[in-house]
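What follows is a short report on a single structure.
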Amino acid sequence: MIKRIKKRNLETTIKSKETNHSENSGLNKSLDDNISLFKNIFKNDETLIIREFQNKRLQSAQCCIIYLDGMVNAEIINENIIQPVLSNDLSEDIESGNLLEELKKKVIVSNNVTLETEVNKIVSSIINGDTLFLLEGYDKSLIISSKGGQTRPITEPTSSRIIRGPREGFTESIMLNLSLVRRKINNPEFKVKFKEIGERTHTKTCICYIEGLALEGILNELELRLDKIEIDGIIDSGYIQELIKDAPYSPFETIGSSERPDVIAAKLLEGRIALFVDGSPFVLTVPYLVVENFQSNEDYYNNYIFSTMNRLVRGFTAVTSITIPALFLSLVTYHQEMLPTSLLLSISSSREGVPFPTVVSLFIMLFIFDMLREAGTRMPSSVGQAVNIVGTLVLGQAAVEARLVSAPVIIVTALTGIMTLINMNFISATIIFRTFLLLGASFLGIYGFLMCIIILYLHLMSIRSFGVPYMMNVTRAKDHDGHDAWIRAPWWTMTLRPKIIAAKDLVRQSSRLSKEK
1 MIKRIKKRNL ETTIKSKETN HSENSGLNKS LDDNISLFKN IFKNDETLII REFQNKRLQS
61 AQCCIIYLDG MVNAEIINEN IIQPVLSNDL SEDIESGNLL EELKKKVIVS NNVTLETEVN
121 KIVSSIINGD TLFLLEGYDK SLIISSKGGQ TRPITEPTSS RIIRGPREGF TESIMLNLSL
181 VRRKINNPEF KVKFKEIGER THTKTCICYI EGLALEGILN ELELRLDKIE IDGIIDSGYI
241 QELIKDAPYS PFETIGSSER PDVIAAKLLE GRIALFVDGS PFVLTVPYLV VENFQSNEDY
301 YNNYIFSTMN RLVRGFTAVT SITIPALFLS LVTYHQEMLP TSLLLSISSS REGVPFPTVV
361 SLFIMLFIFD MLREAGTRMP SSVGQAVNIV GTLVLGQAAV EARLVSAPVI IVTALTGIMT
421 LINMNFISAT IIFRTFLLLG ASFLGIYGFL MCIIILYLHL MSIRSFGVPY MMNVTRAKDH
481 DGHDAWIRAP WWTMTLRPKI IAAKDLVRQS SRLSKEK
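Per my numbering, the sequence shown starts with residue 1, numbered consecutively.
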């Protein structure tokens with residue numbers, strides 16, 4: 001209720017500024033009054049540029065353009081708006097009774113020019129980088145497309161480097177990102193819906209899907225959740241990802257994100273829905289399944305046997321990075337009879353003189369490794385690599401020589417850390433549940449470890465992503481969905497799209513056998 005009252009007060013304030021000259025939030029026929037109106041709306045904004053001019057032959061053609069500096073392409077304004085209006089002989093072949101319409105059709109050079117009277121829409125266009133064109137004697141205006149400004153060039157995303165595949169990556173420009181996906185899906189069924197979110201930032205978002213593949217239920221649910229968002233501003237797609245996700249208290253992500261156009265295009269072709277956010281290079285996709293954490297776009301560009309091996313390695317390391325420390329703790333502390341005698345003696349001898357118990361040593365070393373990982377991530381790439389290498393070698397060796405921790409603890413920590421880094425998309429859930437399993441094993445040994453594993457599995461089975469079971473492909477190994485879950489089957493066998501997600505049109509391609517027949 002409080003948010004709604006604030007929103008109404010904000011709208012009332014804006015309208016009160018805009019209705020100084022007109023009660024219906026419209027423009028006035030006086031050019032000076034219209035200029036004063038927009039000066040009042042953008043009061044104390046020094047980036048507002050107001051340029052008045054008139055045609056050299058037609059004295060009645062007194063014009064004005066208004067735009068925000070830094071949001072427009074100055075070359076478009078100078079060459080396509082100002083120069084044609086100044087230099088053209090408006091006294092010839094121009095109907096003076098409807099001069100504004102004639103300027104739109106015959107003089108102004110732009111691929112997008114619209115007539116507008118509502119001040120709210122005009123202000124929004126100016127903020128988004130368009131140019132306002134006003135003319136003396138008319139209560140209408142022209143909104144001319146002139147968006148510009150500096151944007152980051154298209155480069156390969158540093159967060160997901162590959163050896164084979166497209167090198168393109170999304171930028172912070174939503175229209176440029178849309179064009180990268182459109183180039184890969186040349187089909188009129190590729191649909192786009194724009195929506196503004198944020199009461200103050202009015203951030204432009206875009207829902208993309210392929211009509212005939214995406215389910216209306218998932219699309220309607222996404223639009224409903226977006227409409228329920230009431231927040232001052234959206235700076236990155238992560239804001240929306242957290243606000244609309246299923247299982248908000250779960251560390252597992254139920255909404256996917258990617259910086260790569262080829263990944264988004266592939267997901268759209270499977271029936272998923274993408275959400276672009278202006279100012280963010282990360283595009284969200286729904287629904288999102290747990291097996292997608294272990295999949296890479298490079299799997300589909302390399303040999304399917306090699307890709308399957310890599311995918312199995314990712315799955316194996318994701319499981320072991322969570323379980324190895326807790327399993328080691330259980331065996332060493334509570335169930336020593338399960339270890340070979342020679343190994344048990346070796347571990348016992350390495351622990352001589354170590355003041356801390358194994359559980360404390362594991363927590364300390366894993367915490368130190370996470371600090372090194374975080375430091376290496378935030379520092380410049382060259383410095384970060386040096387910090388990781390020097391920190392790992394020096395601290396590990398020094399800790400063993402000082403008898404603060406035992407050598408097996410260092411080995412377990414190193415293995416766990418390396419396996420954690422293999423699945424960066426899974427890293428937050430890995431660290432949280434690794435700690436959870438360690439706590440369970442520290443109290444009840446192998447029984448506590450197994451109890452935590454059961455709780456983890458039940459939690460995963462209870463999660464849904466926009467109505468789709470989070471573990472769907474994992475539990476349907478014998479179905480065609482299993483062809484692209486833990487393994488990557490040959491392309492000629494993946495003739496169907498995933499069930500439930502693309503239930504409207506399951507056929508992806510004709511089978512190899514049917515072609516041979």
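Even for Gly, the Cβ is constructed at its ideal location relative to N, Cα and C.
Separation of residue 485 from residue 293, as counted between CA atoms = Within the sequence shown, numbered from 1, the residue matching residue 293 stands at position 293. Within the sequence shown, numbered from 1, the residue matching residue 485 stands at position 485. Roughly 10 Å separates the two Cα atoms.
Would you list, in sequence order, the uninterrupted beta strand (DSSP E) runs of no fewer than 3 residues that lie entirely inside the stretch 396-439?
-> none
Leaving out five residues on either side along the sequence, give the residues of the same chain with a beta carbon under 8 Å from the beta carbon of residue 236.
-> Counting from 1 along the sequence shown, the entry for residue 236 is found at position 236. Cβ neighbours of residue 236 beyond the five flanking positions: 277, 279, 280, 282.
Closer than 6 Å: is that where the CB of residue 465 sits relative to any heavy atom of the ligand MG?
-> As far as ligands go, the structure on display features none, and thus does not contain the ligand MG.
Take every Cβ of the stretch 221-236, pair it with every Cβ of the stretch 200-208, and state whether three or more of those distances are shorter than 8 Å.
-> yes
My guess is that residue 186 and residue 145 are in contact by the Cβ rule of under 8 Å, so how many angstroms apart are they, rounded?
-> As a working mapping, residue 186 is identified with position 186 in the sequence shown. As a working mapping, residue 145 is identified with position 145 in the sequence shown. Their Cβ separation, rounded to whole angstroms, is 24 Å, which puts residue 186 and residue 145 out of contact at 8 Å.
Span of the beta strand (DSSP E) around residue 51 = As a first step, residue 51 is located in the sequence shown; it is residue number 51 there, counting from the start. Unbroken beta strand (DSSP E) run through residue 51: 48-54.
Give the secondary structure of residue 22 by DSSP, where H, G and I count as helix, E and B as strand, and everything else as coil.
-> The sequence position of residue 22 within the sequence shown is 22, counting from 1. Note that residue 22 scores 41 on pLDDT, short of 50, meaning its location in the model is unreliable; the coordinates nonetheless yield the value given after this. Of the three classes helix, strand and coil, the one that applies to residue 22 here is coil, per DSSP.
Whole angstroms is fine: what's the gap from residue 28's alpha carbon to residue 100's?
-> Taking the first residue of the sequence shown as 1, we reach residue 28 at position 28. Taking the first residue of the sequence shown as 1, we reach residue 100 at position 100. Straight-line Cα distance between these residues: approximately 14 Å.
Taking C-beta to C-beta, are residue 460 and residue 433 nearer than 7 Å?
-> For this step, residue 460 is matched to residue 460 along the sequence shown. For this step, residue 433 is matched to residue 433 along the sequence shown. It is not a contact, given that the beta carbons lie outside the stated cut-off.
Assign residue 89 to buried or exposed, taking buried as 16 or more other Cβ atoms, counted over all protein chains shown, within 10 Å of its Cβ.
-> Counting from one through the sequence shown, the residue named residue 89 turns up at place 89. So residue 89 counts as exposed.
Contact check, residue 557 vs residue 134 under 8 Å by CB: the rounded distance?
-> Since the displayed the chain opens at 1 and closes at 517, residue 557 lies outside it and no answer follows.
With DSSP collapsed to three states, give me the class of residue 296.
-> For this step, residue 296 is matched to residue 296 along the sequence shown. Reduced to three states, the DSSP call for residue 296 is coil.
Would residue 84 pass as a contact of residue 123 if the rule is Cβ separation under 7 Å?
-> Within the sequence shown, the letter at position 84 stands for residue 84. Within the sequence shown, the letter at position 123 stands for residue 123. Cβ atoms of residue 84 and residue 123: not closer than 7 Å.
Would you kindly work out how many angstroms separate the C-alpha atoms of residue 489 and residue 71, rounded to a whole number?
-> Taking the sequence shown and counting its residues from 1, the one referred to as residue 489 is at position 489. Taking the sequence shown and counting its residues from 1, the one referred to as residue 71 is at position 71. Those two C-alpha atoms are separated by around 48 Å.
Which listed residue (214, 86, 424, 268) has its alpha carbon closest to that of residue 54 = Indexing the sequence shown from 1 puts residue 54 at position 54. The residue with the shortest Cα to Cα distance from residue 54 is 86.
In chain order, each alpha helix (DSSP H) run of at least 4 residues that lies wholly inside the stretch 198-246 = 216-227, 237-244
Straight-line gap, residue 407 to residue 339 (C-alpha atoms, nearest Å) = The residue labelled residue 407 in the question sits at position 407 within the sequence shown. The residue labelled residue 339 in the question sits at position 339 within the sequence shown. About 17 Å.
If you follow the alpha helix (DSSP H) that residue 75 is part of, which residue opens it and which one closes it?
-> Counting from 1 along the sequence shown, the entry for residue 75 is found at position 75. 74-77 is the extent of the alpha helix (DSSP H) around residue 75.
7 Å Cβ cutoff met for residue 465 and residue 248 = One-based indexing of the sequence shown puts residue 465 at position 465. One-based indexing of the sequence shown puts residue 248 at position 248. Contact: no.
List the residues that DSSP assigns as beta-bridge partners of residue 258.
-> Along the sequence shown, read from residue 1 onward, the residue named residue 258 stands at position 258. DSSP output for residue 258 lists 283 as bridge partner(s).
N- and C-terminal bounds of the alpha helix (DSSP H) containing residue 495 | Counting from one through the sequence shown, the residue named residue 495 turns up at place 495. Annotation: residue 495 is outside any alpha helix (DSSP H) and is labelled neither H nor E by DSSP.
Of the residues 324, 68, 138, the one placed nearest residue 102, counting alpha carbons only | In the sequence shown, counting from the first residue as 1, residue 102 sits at position 102. Nearest option by C-alpha distance: 138.
So what does residue 141 bridge to, in DSSP terms?
-> As a working mapping, residue 141 is identified with position 141 in the sequence shown. DSSP lists 116 as partners of residue 141.
So which of 165, 43, 192 has the shortest CA-CA distance to residue 177?
-> Within the sequence shown, numbered from 1, the residue matching residue 177 stands at position 177. Nearest of 165, 43, 192 to residue 177, Cα basis: 192.
Report the option in 298, 257, 289 whose CA atom is closest to the CA atom of residue 473.
-> Counting from 1 along the sequence shown, the entry for residue 473 is found at position 473. For the residues 298, 257, 289, the minimum Cα distance to residue 473 belongs to 289.
Is DSSP giving residue 352 helix, strand or coil here?
-> What you label residue 352 is simply residue 352 of the sequence shown in a count that begins at 1. Correct three-state label for residue 352: coil.
Can a CB atom of chain D be found closer than 7 Å to the CB of residue 75?
-> Chain labels in this structure do not include chain D; a single protein chain is all it has.
Is the Cβ-Cβ distance between residue 521 and residue 264 less than 7 Å?
-> Past the edges of the chain, shown from 1 to 517, lies residue 521, and the structure says nothing about it.
How many angstroms separate the CA atom of residue 320 from the CA atom of residue 413?
-> Within the sequence shown, numbered from 1, the residue matching residue 320 stands at position 320. Within the sequence shown, numbered from 1, the residue matching residue 413 stands at position 413. One C-alpha to the other measures close to 12 Å.
Kindly indicate which residue of 505, 118, 327, 370 has the alpha-carbon position closest to the one of residue 428.
-> Residue 428 sits at position 428 when you count from the first residue of the sequence shown. The shortest C-alpha separation from residue 428 is found at 370.
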